[in-house]
Every structure is written in structure tokens, then in C-alpha cells.
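K.L.:
Heads up: the protein sequence lines correspond to chains A and B, in order.
Residue numbering for the first sequence is 1 to 78, as defined by the working numbering.
Residue numbering for the second sequence is 1001 to 1405, as defined by the working numbering.
Think of the CB as a built atom: it goes at the ideal place given N, C-alpha and C, for glycine as much as any other residue.
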Amino acid sequence: MDDVKETVLSILNDLTGEDFSTRLDENLYDSALLDSMGTVQLLLDLQDKLGVNAPISEFNRSEWDTPSKIIAKVEELK
Amino acid sequence: MRWYIPYGNPTYFIWLAVALIPLMIGLLYGHRFRWYQTLVSLFFLILTFGGPNWRTGIALICYFVYQVVLVSAYFHYRRRKDSPNKGWVFVLSVILAILPLVVVKVTPAIQSGKQSIIGFLGISYITFKVVQTIMETRDGFIKEYHPIIFGQFLLFFPTISSGPIDRYRRFVSDYEAVPAQKDYLDLVQTGVRYIFLGFLYKFVLAYYFGSVLMPQMQFGAMMAHGFSWYIVGYMYTYSMDLFFDFAGYSLFAVGISYLMGIKTPMNFNHPFKSKNIKDFWNRWHMTLSFWFRDYIFMRLVFFMMKHKVFKSRITTANVCYIINMLIMGFWHGETWFYILYGLLHGCALVVNDTWLRYKKKHQDKIPHNKFTELFAIFITFNFVCFTFLIFSGFLNTLFFGPSKF
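(1) Just to make sure I have the definition right: I need the residues of chain A whose C-beta is within less than 8 Å of the C-beta of Phe-1297/B. Which are they?
(2) Give me the Cβ distance between Glu-1373/B and Lys-1275/B, rounded to the nearest whole Å; I'm assuming they're in contact under 8 Å.
(3) Report yes if the CB atom of Ser-1392/B is closer than 9 Å to the CB atom of Tyr-1238/B, and no otherwise.
(4) Apply the 10 Å Cβ neighbour rule to Glu-63/A and answer buried if 16 or more other Cβ atoms are within range, or exposed otherwise.
(5) Given a threshold of 16 other Cβ atoms within 10 Å of its Cβ, counted over all protein chains shown, does Arg-1293/B qualify as buried or as exposed?
(6) Measuring only the C-alpha atoms, how far is Gly-1026/B from Val-1130/B?
(7) Using C-beta distances below 6 Å, list every residue in its chain close to Phe-1156/B, excluding the 5 sequence neighbours before and after it, in chain order.
(8) By DSSP, does Phe-1405/B sit in helix, in strand, or in coil?
(9) Once the 5 residues before and after Gly-1416/B are set aside, which same chain residues still bring their CB inside 6 Å of it?
(10) Might you give, ordered along the chain, the residues of its own chain that have their beta carbon closer than 8 Å to the beta carbon of Ile-1098/B, omitting 5 neighbours on each side?
(11) Would you call Asn-1053/B buried or exposed, if buried means 16 or more other Cβ atoms sit within 10 Å of its Cβ?
(12) Where does the unbroken alpha helix (DSSP H) through Glu-75/A begin, and where does it stop?
(13) Is the beta carbon of Leu-1121/B less than 9 Å from the beta carbon of Phe-1196/B?
(14) Sorted by chain position, which residues of the same chain lie with C-beta nearer than 6 Å to Ile-1390/B's C-beta, five sequence neighbours on each side aside?
(15) For the alpha helix (DSSP H) containing Asn-27/A, list its first residue and its last residue.
(16) Looking only at its chain, what residues have a beta carbon closer than 7 Å to the beta carbon of Val-1106/B, apart from the 5 residues adjacent to it on each side?
(17) So what does DSSP say about Arg-1034/B, is it helix, strand or coil?
(18) Between which two residues does the alpha helix (DSSP H) holding Ser-1409/B run?
(19) When you check each C-beta in the region 18-48 of chain A against every C-beta of chain B, which residues fall closer than 8 Å?
(20) Quick one, are the C-beta atoms of Pro-1100/B and Tyr-1074/B less than 9 Å apart?
(21) Pick helix, strand or coil for Lys-1361/B, following the three-state DSSP scheme.
(22) Measure the C-alpha to C-alpha separation of Met-1135/B and Val-1089/B and round it to an integer number of angstroms.
(23) Nearest CA to the CA of Asn-1267/B: which residue from Asp-1353/B, Ser-1250/B, Trp-1281/B and Lys-1278/B?
(24) Is it true that the region 1203-1218 of chain B meets the region 1228-1244 of chain B, where meeting means three or more beta-carbon pairs spaced less than 8 Å apart?
(25) Which residues in chain A sit within 9 Å of Arg-1313/B, going by Cβ to Cβ distance?
(26) Relative to the C-alpha of Ala-1180/B, which residue among Arg-1313/B, Ser-1112/B, Phe-1302/B and Gly-1030/B is closest?
(27) Going by CA-CA distance only, name the one from Ala-1221/B, Met-1217/B and Phe-1246/B that's closest to Leu-1205/B.
(28) With DSSP run on the structure shown, which of helix, strand or coil describes Val-1309/B?
(29) Counting only the same chain and skipping the five closest in sequence on each side, list residues whose C-beta sits under 8 Å from that of Val-1118/B.
(30) Using a Cβ-Cβ distance cut-off of 9 Å, determine whether Phe-1157/B contacts chain A.
(31) Taking 8 Å as the limit between beta carbons, can you name the residues of its chain near Cys-955/B, skipping five residues before and five after?
(32) Here's a check: name, in chain order, each residue in its chain whose Cβ is nearer than 8 Å to the Cβ of Arg-1283/B, leaving out the five neighbours to either side.
(33) What are the boundary residues of the alpha helix (DSSP H) that includes Asn-1269/B?
(34) On the CB-based measure, 16 or more other CB atoms within 10 Å of its CB, does Asn-1318/B come out buried or exposed?
Okay, here's the thing in C-alpha cells:
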């Protein structure tokens, strides 16, 4: 469980340069920290590092827009 | 009986009001009269594609059957136990899905402006829905598919002629449900407001810009033979006409959908307030630009990054921006001005990203305040209007067209 959380946070940290460990419910799109490019990178990193196969179809901005939602999604797909 | 372009004149709205009342009463009391909704849809499709337009009606029927058979076949292929999910089957299905549209778009270019006989009003918008359904089926996210509901989705009459482009899974979840009474009343309230705002946009503002001011600018520019301030005037009036006409139409389409308990997505969100060109594409013709983003741009980036086509992430993004917007240009039509329009927007996205990176690096030196924001809006607005001038094809008529005077 914690492993997933840590990996997701470290991927987000690499992508945005921000630490989200205390801001799990911050909207990544509203604050423009993540764009389409960043999103694709995120999906690829999730594939590489966690073996989660999340095609772009499954990606839905409203369901993947905060760190905690991403963690929940990844755990569900694992 | 007369024949109508959707939302083209007041009588169409009277027909709509009469036809929708039973459906609305049903929804208010927790029932969706599906057979009645189908009947209403059929009636409005006949209003648009019947009578003198019967040839396009035939084209629509053939196209519709073709696409439903194609998607059904692909769905069965994918849902079979141990479906091999071959890449070439997917690519072939997408090619077959866009083939009719390609023929319709290319025919005028190679037959000196003659329209293809397989074309009809709104073919592009149905094609977007088909391709999107095939892609999500490929990814395994459309798990249930019913040809009749898919047909309802493709032929949903409020959005048939020019969108907004809905998504299959989203549409089905609305179509199969009946909103709670309170939610439905909210939907009706918003829908009615949208329809009246649409009247203001389309029949007052678009009329004023497009039918009163624009012809004067056009005439002035034609008489001036060469560059004149009238071209600048034309640029702004055309841009305003384009926006109010299309945004007005979209408000009707969304408003009517709401009355039918279907939350068709919005198409415009104050596009002229955009601070940069990326912001603009998040506000202008949103369902189209999101379609391009999700089904072309992101997939292309995904593919290129996975196969490491380019070393740098920035190069990948830039190449994909240009390809994405060029495809959008080609989709508009095979003329130099549509393609240039796409290319300009692709380049603008590249420049925009480069600037944002530069700005982030030199945060301390570059000022950011109300004034710079206004300046950014001003630049974005004028750039967009300039690309609309290209898009309008007026420069083509003016400089390369047959002499009218």
C-alpha cells in the first residue's frame, strides 16, 4: 500500500517539481501543474515503475486529478 | 411541409417545444419514454435530411448502417474470449471508419469544388464519435455495447449537425438513467437559460456582426484592391460572427440535450479571455479540441515516448503539437487556408510552451501582474483573430479568387 503511495508521489515530484505528500487533495489540473504531456509521462511512469497498465481511455481528468485519487486508481488497477 | 437546418429559424424551435413536452413530463415523473424519444429523433432527422435533401438522407442511412456494422464487428472481435487484440485489426477499423469522411473531404479538392454524393450535414461529427468508440473498445473500456444504443448515440439529433462531440460511455450513462426530479428541474432551468442565451448569440449578435457589419467590410476590402483597413475590420467582424454563431448553435444543442436529460458537454468557455494559446484551446470548440487532445495528441505522445522516437520530451511534444493541429487543419478541408490555419496554431502551441519554460526559468526577472495578464489576453486575442482571417478564406477570394468587379 505505502509502496504505491510513495512511488506515485515520487513520480509526481519528478514531473512537477513539487512535493505532494502533505497536499494529497490538491487539484493537479486546476493549478496547471500537469498538462497533457505530463499526463502521458505519468501513465508511462506508472507502467514502468508499478506495472500498472492504464491506457489513455481509462484516464479521465475528473477521476485522476489529485494525488490521492491517482493513488486510489493505481491500487484499483494493480 | 418545410425542411430545416437545425436551429436555423423560429419554426424549428416551435416544433422542438411541441415535440419535447411529452418527453419532459415523462422525465419529470421518473420515466424516459424511449420509444417516443426515438420517434422524435426520427422526426427531426427527417426535417433536416428529408424533402429536397433526400439524397443526403440516403447517404446518412448508408453511412449509419456501415458504421454500426463496423463498430459491432470490432466490438465482437475485442470481446471474444482470448481476443488476440491485433494492432492491424484496430488500425484497419479506424481507417475504415474515417474512409467515408476522407472521401467527402478530398472530393471537392480534386473535382473542382464538387461535393461528394456520400456526404451529408454533420458527417465529421458522427465520425469523431465512431473513432472514439473504436479506440475505447480497443483499450477494453467499453465493456457493454448495444447496437441500438450506439445508434441512438450517433444519431442524437440535438447535436447531429455540428456537435458538441459527446463520448459513448458518458452518453450511455445519461441515456440509461432518469435524473432525480430535483436534478432534472435544475437541468431544465439551465437548459432554458442556454437556449435564450443562444437566441441572443445567434439571432442578435451573430446576425449583427455577420449579416450587417461583415458585408460592408467585405465590400470595402474588395473595392480597395489590395491591402486596406477593411481587411482588419473584416478580421474582427468575421471572428465575432464565427464565435457568436457557433457558440449560439452550441448553446441550443446543449440546452435541448439538457431538456432531454442528457448532459451533452459544453463547447465554449469565454475563449476571448484566454491568456495564451493553450488556454484558448481549453476554451474554444472544447469538445473538438479535447477529442484531438485525447485521441490524437496524447496517443501520439504516448506512442512516441514509449518507442523513444525522440530523445527529448520537448521535441516529442513539439512534433505532436504540429501534427495534431495539422490534422485539425486537414479535417477542416483540403484548402491552403485551412491547412495554414492548423499549422499556425501548431507553431503557436510550440512557441507558447517554449515561452512558458523560459518564463519559469527566469521567474525572478520577468514581471507578472494584472497589466502583463491583460497584455497576454490582448496578444492571444489578436493572434486568434488573425488565424480566423486566414481560416475564413477571404484572403483567398481577395487575392486569388476570380475578379468579381
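P.N.:
Quick answer:
(1) Listed by position along chain A, the residues whose Cβ is nearer than 8 Å to that of Phe-1297/B are Ser-36.
(2) Yes, Glu-1373/B and Lys-1275/B are in contact; Cβ-Cβ is about 6 Å, under 8 Å.
(3) Yes, these two residues count as a Cβ contact at 9 Å.
(4) Counting the other CB atoms within 10 Å of its CB gives Glu-63/A a total below 16, which places it among the exposed residues.
(5) Flag for Arg-1293/B reads buried.
(6) Distance between the alpha carbons of Gly-1026/B and Val-1130/B: 30 Å.
(7) For Phe-1156/B, same chain residues with a beta-carbon under 6 Å away, outside a window of 5 residues either side, do not exist.
(8) At Phe-1405/B the pLDDT is 43, less than 50, meaning the model places this residue with poor confidence; the figure from the coordinates comes in the next sentence. Per DSSP, reduced to three states, the secondary structure at Phe-1405/B is coil, with no helix or strand assignment.
(9) Nothing can be reported for residue 1416/B: it is not among the residues displayed for chain B, which extend from 1001 to 1405.
(10) Only residues of its own chain outside the window of five on either side were considered, and among them Thr-1127 and Val-1131 have a CB closer than 8 Å to the CB of Ile-1098/B, listed in chain order.
(11) Looking at its Cβ environment, which holds 16 or more other Cβ atoms inside 10 Å, Asn-1053/B is buried.
(12) For Glu-75/A, the enclosing alpha helix (DSSP H) starts and ends at 67-77.
(13) Here Leu-1121/B is not near Phe-1196/B, since their CB atoms are 9 Å or more apart.
(14) When the five nearest sequence neighbours on each side are left out, the beta carbons in the same chain lying within less than 6 Å of the beta carbon of Ile-1390/B are those of Phe-1337, Leu-1340 and Tyr-1341, in order along the chain.
(15) Careful: Asn-27/A lies outside any alpha helix (DSSP H) and carries neither H nor E.
(16) These residues qualify, in order along the chain: Glu-1334.
(17) Secondary structure of Arg-1034/B (DSSP, three-state): helix.
(18) With chain B covering only 1001 through 1405, there is no way to say anything about residue 1409/B.
(19) So the list reads Asp-35, Ser-36, Met-37, Thr-39, Val-40, Gln-41, Leu-43 and Leu-44, given in the order they occur along the chain.
(20) The Cβ atoms of Pro-1100/B and Tyr-1074/B lie no closer than 9 Å to each other.
(21) DSSP places Lys-1361/B in helix when its eight states are reduced to three.
(22) Per the coordinates, the alpha-carbon of Met-1135/B lies some 12 Å from the alpha-carbon of Val-1089/B.
(23) Comparing alpha-carbon positions, the option among Asp-1353/B, Ser-1250/B, Trp-1281/B and Lys-1278/B lying closest to Asn-1267/B turns out to be Ser-1250/B.
(24) Because the criterion of three Cβ pairs below 8 Å is met, the region 1203-1218 of chain B and the region 1228-1244 of chain B touch.
(25) Neighbours of Arg-1313/B across chain A, judged by C-beta separation under 9 Å: Met-37 and Gln-41.
(26) Taking Ala-1180/B as reference, the option from Arg-1313/B, Ser-1112/B, Phe-1302/B and Gly-1030/B with the minimal CA-CA separation is Gly-1030/B.
(27) Residue Phe-1246/B is the option with its Cα nearest to Leu-1205/B.
(28) Three-state result, Val-1309/B: coil.
(29) Going by the sequence as given, residue 1118/B is Ile instead of Val. Contacts found: Ala-1059, Cys-1062, Tyr-1063, Pro-1100, Val-1103 and Val-1104.
(30) No, because no Cβ of chain A sits closer than 9 Å to the Cβ of Phe-1157/B.
(31) With chain B covering only 1001 through 1405, there is no way to say anything about residue 955/B.
(32) These residues qualify, in order along the chain: Phe-1268, Asn-1269, His-1270, Pro-1271, Lys-1273 and Ser-1274.
(33) Boundaries cannot be given for Asn-1269/B, as no alpha helix (DSSP H) includes it and DSSP labels it neither H nor E.
(34) Residue environment for Asn-1318/B: buried (at least 16 other C-beta atoms within 10 angstroms of its C-beta).
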